[in-house]
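Number of protein chains: 2
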Amino acid sequence: MNPDMASAFVNPRFEDVVELFRRSLAEGMVMILVGECSVEYKGRGVASLESGSRIVIAKPDGSLLIHAATSVEPVNWQPPGSKLEIRIEDDNLVLSSTRKAPYENVIARFISLSLVAVCKLEIKPRFKVEIGEEAIREAVLAEPSLIEDGFKPISIEKPVEVGFIDLYGLDRDGRLVIVELKRVKADVEAVEQLKTYMDSLTDSYGSVRGILAAPSITYKAYMKLKEFGLEYRKIDIAKCISILTSRRRQQRKLGEYYGDKS
Amino acid sequence: MNPDMASAFVNPRFEDVVELFRRSLAEGMVMILVGECSVEYKGRGVASLESGSRIVIAKPDGSLLIHAATSVEPVNWQPPGSKLEIRIEDDNLVLSSTRKAPYENVIARFISLSLVAVCKLEIKPRFKVEIGEEAIREAVLAEPSLIEDGFKPISIEKPVEVGFIDLYGLDRDGRLVIVELKRVKADVEAVEQLKTYMDSLTDSYGSVRGILAAPSITYKAYMKLKEFGLEYRKIDIAKCISILTSRRRQQRKLGEYYGDKS
DNA sequence: CGTGCCAGGTGCCAT
DNA sequence: ATGGCACTTGGCACG
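Line by line, the protein sequences give chains G and U.
Note that our numbering has the first sequence beginning at 45, numbered continuously upward.
Note that our numbering has the second sequence beginning at 45, numbered continuously upward.
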């Protein structure tokens with residue numbers, strides 16, 4: 045690894061940090077600061093943090109993260125596209141990040157720094173796979189019996205007045221089935237959403253079945269579901285994944301067979 | 045600043061990082077790693093990230109953050125309470141963070157490291173303020189039209205039998221107006237609170253208006269409000285802030301003029 | 001501990 | 001820009 049892709053300084057002088065900032069951030073590098081700072085936020089809300097030990101990360105896309113010793117969420121932040129300025133003021137190292145529309149500003153005022161580091165992070169966004177609602181839908185389309193034996197999907201993401209139906213189709217008796225997919229535990233809101241879709245259809249169509257398909261469901265949601273005369277279908281995420289992977293393996297094989305390099 | 049509160053190494057050997065981890069994380073320090081790694085997540089969902097430049101932060105509360113060059117959100121993470129293990133495997137530095145209930149596991153596999161740093165971040169959770177009801181009240185007093193054109197505030201925090209009325213005054217027709225201020229989305233509870241104040245006054249006074257002033261309101265709260273014959277007034281937090289800041293600037297100017305150094 | 005609810009939600013993709 | 005919606009939402013209060 046190229047040694048000048050990263051550099052770090054313990055207990056740096058503020059002047060050196062300002063200089064480092066000027067040389068690094070312009071080059072698309074990430075800057076990491078660790079020290080004691082207070083924070084002021086003004087914009088969609090107002091927040092003010094007393095001085096404390098924090099990690100500040102300035103990314104080349106303009107994002108600014110201020111993290112404390114605990115928790116996944118930053119105590120303060122600024123979204124991508126913000127403009128960062130850095131200066132020395134009253135013997136403090138001051139970072140000011142601003143974005144307009146909506147106007148937001150974060151000021152971090154360091155009274156001391158124990159560490160500063162800069163490093164180059166390539167931006168090329170590498171491949172990411174995940175299972176989401178979309179993947180579950182894909183699995184259900186590949187293997188409709190995940191919903192019910194004899195289920196025939198007709199369409200996905202069908203727009204109705206009140207939103208989009210995740211999936212709908214016909215059951216073995218030819219009745220219309222509305223399916224609401226959830227990739228996580230279904231709650232009352234999911235039930236109400238399905239109910240809303242049902243209501244917007246029962247006028248135009250006769251008997252319609254509503255199925256809430258999710259890996260699990262809360263007790264209250266299940267009660268409400270029954271109350272509305274709707275149905276619950278447990279979705280096995282592991283099964284979805286194995287369906288998708290075997291399907292993709294198949295696709296790759298076909299691709300290779302036909303000389304497709306994509 | 046104590047120099048051993050932070051240390052950093054450029055292009056560290058994996059063995060040294062493992063050793064550093066053993067000495068530091070137990071001491072409640074934060075560890076920051078920068079390098080090329082691939083990531084696998086398995087738990088509530090499944091995700092897999094190809095190798096790329098990333099920043100990994102391990103916090104003493106068990107949180108793990110994996111950040112890429114862009115965006116505020118981590119590309120992968122693990123919540124507080126997770127257990128981190130670190131080892132060398134196939135010439136890679138492997139971090140594995142696990143939590144149970146629900147089971148989740150993240151594995152970051154470094155093929156190279158450009159930087160490692162450890163630092164002590166005091167956990168003492170310092171004071172945090174956000175724009176509060178008080179600041180909103182201040183803004184409304186400075187600019188009563190935030191409530192309504194012609195509104196004249198009479199008093200704030202008026203005690204009634206059942207508590208304190210945030211703000212009351214007279215409308216342009218001289219009718220008494222009770223104002224309930226909320227700094228966040230108003231819920232049913234806020235409506236009920238206002239109703240309680242109203243009820244405690246309608247005996248002694250004739251026609252009284254009740255206004256719930258908040259940046260937003262839940263659907264159910266709005267329904268209940270209408271049911272009670274009360275009114276909703278949207279409060280623009282940004283406007284409040286600009287009123288307060290311009291007012292403070294003004295005050296400072298006056299202060300300077302009169303030689304006030306505060 | 002599960003459930004409900006808010007967030008400066010963030011991010012993504014549609015119009 | 002605006003709106004809709006999912007998110008490993010995270011975090012907090014509460015039963």
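For glycine and all other residues, C-beta sits at the position ideal for the given N, C-alpha and C.
Rounded separation between residue i and residue j - CA only
i: Gly72(U); j: Asn120(G); result: 22 Å
i: Met49(U); j: Cys163(U); result: 5 Å
i: Ala230(U); j: Ile255(G); result: 33 Å
i: Tyr263(U); j: Lys168(U); result: 39 Å
i: Tyr241(U); j: Arg253(U); result: 11 Å
i: Ile130(G); j: Asn136(G); result: 10 Å
i: Pro146(U); j: Leu64(G); result: 43 Å
i: Lys278(G); j: Ile180(G); result: 12 Å
i: Pro198(G); j: Leu109(U); result: Sequence check: residue 198(G) is Ile here, not Pro. One C-alpha to the other measures close to 41 Å.
i: Glu59(U); j: Leu165(U); result: 24 Å
i: Phe53(G); j: Leu128(G); result: 21 Å
i: Ser82(G); j: Asp217(U); result: 47 Å
i: Arg143(G); j: Gly106(G); result: 9 Å
i: Arg67(G); j: Pro56(G); result: 15 Å
i: Ile261(U); j: Ile261(G); result: 28 Å
i: Pro188(G); j: Tyr276(G); result: 15 Å
i: Ala282(G); j: Val62(U); result: 34 Å
i: Lys196(G); j: Glu117(G); result: 43 Å
i: Gly194(G); j: Asp243(G); result: 25 Å
i: Glu271(U); j: Leu288(G); result: 51 Å
i: Asp280(G); j: Gly213(G); result: 20 Å
i: Ile155(G); j: Ile132(G); result: 10 Å
i: Arg88(G); j: His111(G); result: 20 Å
i: Leu220(U); j: Ile209(U); result: 13 Å
i: Gly250(G); j: Glu178(G); result: 29 Å
i: Ser51(G); j: Ser51(U); result: 12 Å
Of the residues the options, the one placed nearest residue i, counting alpha carbons only
i: Ser311(G); options: Lys239(U), Glu182(U) and Gln122(U); result: Here chain G has residues from 45 to 306 only, and residue 311(G) is not among them.
i: Glu84(U); options: Asp105(U), Arg57(U) and Asn149(U); result: Asn149(U)
i: Asp134(G); options: Phe272(G), Pro197(G), Arg153(G) and Gly176(G); result: Arg153(G)
i: Gly176(G); options: Ser107(G), Ile99(G) and Pro259(G); result: Pro259(G)
i: Leu139(U); options: Leu245(U), Ala145(U), Pro146(U) and Ser126(U); result: Ser126(U)
i: Cys284(U); options: Arg219(U), Leu185(U), Ala145(U) and Glu233(U); result: Leu185(U)
i: Val232(U); options: Ala52(U), Ala161(U), Ala265(U) and Phe53(U); result: Ala265(U)
i: Phe171(G); options: Gly273(U), Tyr276(U), Ile287(U) and Glu94(U); result: Glu94(U)
i: Leu190(U); options: Ser286(U), Glu271(U), Arg88(U) and Arg57(U); result: Ser286(U)
i: Val90(G); options: Ile209(G), Arg57(G), Ile151(G) and Gly250(G); result: Ile151(G)
i: Arg227(U); options: His111(U), Val173(U), Ser251(U) and Lys270(U); result: Val173(U)
i: Ala257(U); options: Gly250(U), Asp243(U) and Leu274(U); result: Leu274(U)
i: Pro124(G); options: Glu117(G), Ile132(G), His111(G) and Ser141(G); result: Ser141(G)
Rounded distance between the beta-carbons of residue j and residue i, thought under 8 Å
i: Leu77(U); j: Leu157(U); result: 6 Å
i: Lys86(U); j: Ala113(G); result: With a Cβ gap of about 27 Å, Lys86(U) and Ala113(G) do not count as contacting.
i: Leu245(U); j: Leu225(U); result: Going by Cβ atoms, the distance from Leu245(U) to Leu225(U) rounds to 17 Å, so no, they are not a contact pair.
i: Ala161(G); j: Leu159(U); result: 6 Å
i: Val74(G); j: Ile99(G); result: Their Cβ separation, rounded to whole angstroms, is 12 Å, which puts Val74(G) and Ile99(G) out of contact at 8 Å.
Proximity below 8 Å, CB of residue i to CB of residue j
i: Val223(U); j: Lys268(U); result: no
i: Ser92(U); j: Glu80(U); result: no
i: Asp215(U); j: Glu182(U); result: no
message = Give the list of continuous beta strand (DSSP E) stretches no shorter than 3 residues that lie fully inside the segment 50-138 of chain G.
response = 50-54, 73-86, 90-102, 108-111, 120-122 and 127-133
task = Ignoring anything shorter than 3 residues or poking outside the segment 212-251 of chain U, list the beta strand (DSSP E) runs there in chain order.
result = 220-225
inquiry  = Extract the residue ranges of the alpha helix (DSSP H) inside the segment 167-195 of chain G, only unbroken runs of 4 or more that lie entirely within it.
reply    = 177-186
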